Amino acid sequence: DNILTYPAQNSMFGGAENNAENTFAEYCETCGECLLGVTGGVCPMAGCAKNLSNGPCGGTVNGKCEVGGYIHECAWVKIYERLKKFNRLDLFTKYRPPRNYRLWSSPRFIEINKQYTNEEVEPQKEAKK
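The opening position of the sequence shown corresponds to residue 6 in our numbering, with each subsequent residue numbered one higher.
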């Protein structure tokens, strides 16, 4: 929390396990065009519900995103606060070219230890034949 993050190598998965829910939280979108060095270590692609890479949309109330009913924190508010903390707000207004979505390889959600019923497994087996 007290140091800036800089991208160094490509990631296969940038997340953390949530043992209580048997899920992984995604903190990196593995988009192939890492912005962590200019966004205060907060990935806007993984953190923004609208996947905005060029700044906030204006759809926030008290730092909460309009997507999902104002429950989740806005990634761009986090980015602004981090850059302000490190006196690097100059990076907030830095131009970012459009994304190359052909480079993306990110999963959205991974469940671990899910119990499948036979009704869920049998159609998958049939589809593979």
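Note that beta-carbon positions come from the ideal geometry of N, C-alpha and C, so glycine has one too. Bear in mind that the values here come from a model prediction, so they are computed numbers and not experimental data.
Here valine 72 carries a coil assignment [DSSP, helix/strand/coil]. Counted as a single uninterrupted DSSP element, the alpha helix (DSSP H) harbouring glycine 52 occupies residues 49–52. The beta carbon of threonine 10 is closer than 8 Å to those of Leu41, Gly42, Gly45, Gly46 in its chain, skipping five residues each way along the sequence.
Put simply, the backbone Cα of asparagine 23 is about 7 Å away from that of alanine 30. Proximity to valine 82 across Ala13, Pro12, Cys62 peaks at Cys62, based on C-alpha coordinates. Shown here, valine 66 sits in a strand according to DSSP, grouped into three states. The closest CA to that of leucine 57, considering only Cys79, Asn67, Lys69, is found on Cys79. Taking 9 Å as the cut-off, the Cβ atoms of lysine 55 and valine 72 count as close. Following the DSSP letters along the chain, one finds isoleucine 8 in no alpha helix (DSSP H), marked with neither H nor E. Under the criterion of beta carbons closer than 8 Å, cysteine 48 and glutamate 34 qualify as touching, at roughly 6 Å. CA-to-CA, the gap between proline 102 and asparagine 59 works out to about 8 Å.
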